[in-house]
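Take a look at the structure below.
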Amino acid sequence: MDEFCPLCRKMGQNKRITIYQVNFEEAVWLCEEPA
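The sequence shown runs contiguously to residue 35 in UniProt numbering.
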């Protein structure tokens, strides 16, 4: 997995992707960009 969000990178920004634990079995990768 890339450290930076590929969509934000295309727009010239370097926003990190972080993992958020939903429950004990599931997690999602989300961009740190609030919008």
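Heads up, the beta-carbon is just placed ideally off N, CA and C, and yes, glycines get one too.
According to DSSP, is Cys5 helix, strand or coil? coil
Length of the line joining the Cα atoms of Leu7 and Val28: 16 Å
For chain B, is any of its Cβ atoms less than 8 Å away from the one on Met11? Here there is only one protein chain, and chain B is not present.
First through last residue of the beta strand (DSSP E) which encompasses Gln21: Ile17 to Gln21
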